[in-house]
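Colleague: Just so you know, the UniProt record's numbering puts 255 at position 255 of the sequence shown, and the rest follows in order with no gaps. We treat Cβ as the ideally placed atom computed from N, Cα and C, and that holds for glycine. Quantities reported herein were computed from a predicted structural model and do not represent experimental measurements. I have a structure here, written as structure tokens, and I will follow up with some questions on it.
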Amino acid sequence: MTDSSPSRTDTAMEYPIDLVAAPLIKLSDMAPRREIRTAGEDWTGITSSARRRKLQNRLNQRAYERRKASRRPASIHPGQGSRPRYASLATTDAPDAPGSPSVPQKLAVIKSPAGCTPGSGCVLLRPGAQGALRQFVKKAYEDYVLGCPQPWYLSTLIQVNVFNALVQNGFTLGFSDRWQKKGVISPFSIIGPLQSCDSYPLNLQPTALQRTVPHHPWIDLFPIPQMRDNILLSFRHLDMDELCGDLLDVKPGLEGKPSLIVWGDPWDTRGWEASPLFLQKWGWMLGGCRDILQATNYWRQSRGEDEILF
Numbered sequence: 001m002t003d004s005s006p007s008r009t010d011t012a013m014e015y016p017i018d019l020v021a022a023p024l025i026k027l028s029d030m031a032p033r034r035e036i037r038t039a040g041e042d043w044t045g046i047t048s049s050a051r052r053r054k055l056q057n058r059l060n061q062r063a064y065e066r067r068k069a070s071r072r073p074a075s076i077h078p079g080q081g082s083r084p085r086y087a088s089l090a091t092t093d094a095p096d097a098p099g100s101p102s103v104p105q106k107l108a109v110i111k112s113p114a115g116c117t118p119g120s121g122c123v124l125l126r127p128g129a130q131g132a133l134r135q136f137v138k139k140a141y142e143d144y145v146l147g148c149p150q151p152w153y154l155s156t157l158i159q160v161n162v163f164n165a166l167v168q169n170g171f172t173l174g175f176s177d178r179w180q181k182k183g184v185i186s187p188f189s190i191i192g193p194l195q196s197c198d199s200y201p202l203n204l205q206p207t208a209l210q211r212t213v214p215h216h217p218w219i220d221l222f223p224i225p226q227m228r229d230n231i232l233l234s235f236r237h238l239d240m241d242e243l244c245g246d247l248l249d250v251k252p253g254l255e256g257k258p259s260l261i262v263w264g265d266p267w268d269t270r271g272w273e274a275s276p277l278f279l280q281k282w283g284w285m286l287g288g289c290r291d292i293l294q295a296t297n298y299w300r301q302s303r304g305e306d307e308i309l310f
């Protein structure tokens with residue numbers, strides 16, 4: 001008797017699977033794992049229950065702080081949230097930042113006069129780098145929207161945010177777009193009538209040293225007056241290119257290098273944090289800068305990390 005039952009192949013051809021109607025199962029990472037920032041925080045595969053529980057508690061606390069911050073209105077005060085702003089790429093041809101103090105006119109950034117050598121300055125965005133940066137930020141944002149941010153983006157985003165913060169502070173000070181070039185000198189140190197700076201945020205108003213020591217304008221953009229003075233006092237012995245590279249070199253794969261981190265408004269010292277490696281290498285630069293040292297410990301505590309004893 002011949003077996004008339006259809007073969008597996010015949011069945012597949014006669015009764016094709018309805019892929020459109022098939023239910024879709026959404027796959028996603030476990031919520032706590034989305035908070036992992038370094039390989040050392042991944043608790044999966046760890047056999048020690050105590051170590052695993054410690055890491056899980058840290059990630060759960062981080063997730064809680066992020067959710068709590070997302071429900072709050074934005075504020076200039078560090079105590080009102082602990083979530084950093086997501087990076088975008090500012091450009092020097094943008095208008096003044098919304099909400100920034102008004103300035104009567106743009107300050108021209110002057111070429112260095114003959115005989116004056118304020119240092120080579122810091123080329124904050126090397127030629128050809130802006131296009132690559134835009135692609136990186138676009139990709140990072142798309143992954144963020146899709147709910148699959150990549151941990152390795154973090155180190156690059158930190159530098160992008162610092163760059164953006166300095167650009168925004170340049171807008172706030174009314175600097176022309178030439179402040180990023182080499183061979184220019186800060187308008188604050190130009191001999192001549194002093195322009196009133198009362199309209200600037202307090203932390204960006206030039207110090208007496210900025211008024212008298214010729215320097216590149218990128219130094220004016222840090223919202224930490226004593227840090228600016230410390231840089232100027234050590235100007236002749238400081239490798240500005242090395243400092244600029246640590247803070248603003250936005251190439252991927254530069255994890256574990258000294259850095260500053262921006263969490264809030266760029267002109268507010270309380271929204272900045274210094275990484276342990278930055279303090280180890282450049283700590284002298286923050287001597288007397290009590291505000292950022294306090295802010296650093298605030299942000300560390302908000303992530304469940306230990307305070308740094310200065």
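#1: To the nearest angstrom, report how far apart Trp-263 and Leu-154 are at their CA atoms.
#2: Ends of the alpha helix (DSSP H) at Leu-204?
#3: What did DSSP end up calling Glu-307 once you bin it into helix, strand or coil?
#4: Under a three-way DSSP split, which group does Lys-106 fall into?
#5: Taking Cβ positions, are Ile-166 and Pro-266 nearer each other than 9 Å?
#6: Taking the straight line between their C-alpha atoms, what separation do you get for Leu-247 and Arg-51?
#7: Does the beta-carbon of Gly-174 have 16 or more other beta-carbons within 10 angstroms, so that it is buried, or is it exposed?
#8: Exposed or buried, Leu-146, counting other C-beta atoms within 10 Å across all chains shown (16 or more means buried)?
#9: Taking C-alpha atoms, which residue in Gln-280, Pro-217 and Lys-54 lies nearest to Lys-182?
#10: By the 10 Å Cβ neighbour count, where 16 or more other Cβ atoms means buried, how is Asp-268 classified, buried or exposed?
#11: Let me know if Ala-208 comes out buried or exposed under the rule of 16 or more other beta-carbons within 10 Å of its beta-carbon.
#12: Tell me which residues share the same chain as Lys-138 and place their Cβ nearer than 7 Å to its Cβ, disregarding the 5 neighbours each side in the sequence.
#13: Ignore the nearest five residues each way along the sequence and tell me which others in Thr-296's own chain have a CB closer than 7 Å to its CB.
#14: I need the straight-line Cα distance from Leu-233 to Arg-134, nearest angstrom please.
#15: CA-CA distance, Ser-196 and Ile-158?
#16: Taking the Cβ atom as the reference point for each residue, do Gln-61 and Gly-287 lie within a distance shorter than 9 Å?
#17: Could you round the C-beta distance between Cys-289 and Ile-224 to whole angstroms and report it? I think they count as a contact, below 8 Å.
#18: How many Å lie between Phe-235 and Tyr-200 at the Cα?
#19: The beta strand (DSSP E) that contains Trp-272, what's its start and end?
#20: Can you give the Cα-Cα distance for Trp-284 and Pro-151, rounded to whole angstroms?
#21: Just the Cα atoms here: how many angstroms apart are Leu-59 and Arg-300?
#22: Quick check: is any heavy atom of the ligand MG less than 8 Å from the C-beta of Phe-278?
#23: Cα separation between Ile-25 and Asp-239?
#24: Pull up the distance between the alpha-carbon of Pro-206 and that of Gln-56, whole angstroms please.
#25: Secondary structure at Phe-163, three-state DSSP: helix, strand or coil?
Modeller: Reading from the atomic positions:
#1: 13 Å
#2: Run containing Leu-204: none; DSSP gives neither H nor E here.
#3: coil
#4: Note that Lys-106 scores a pLDDT of 41, beneath 50, so its modelled location is shaky and nothing firm can be said.
#5: Per the sequence shown, residue 166 should be read as Leu rather than Ile. In this structure, Pro-266 lies closer than 9 Å to Leu-166 by Cβ.
#6: 33 Å
#7: buried
#8: exposed
#9: Pro-217
#10: buried
#11: exposed
#12: none
#13: Glu-273, Ala-274 and Ile-308
#14: 36 Å
#15: 33 Å
#16: no
#17: 5 Å
#18: 25 Å
#19: 272-274
#20: 30 Å
#21: 14 Å
#22: Ligands are entirely absent from the displayed structure, and the ligand MG is therefore not among its contents.
#23: Here the model assigns Ile-25 a pLDDT of 43, short of 50, so the residue's position is not dependable, and the following value carries that caveat. Distance between the alpha carbons of Ile-25 and Asp-239 is about 55 Å.
#24: 46 Å
#25: helix
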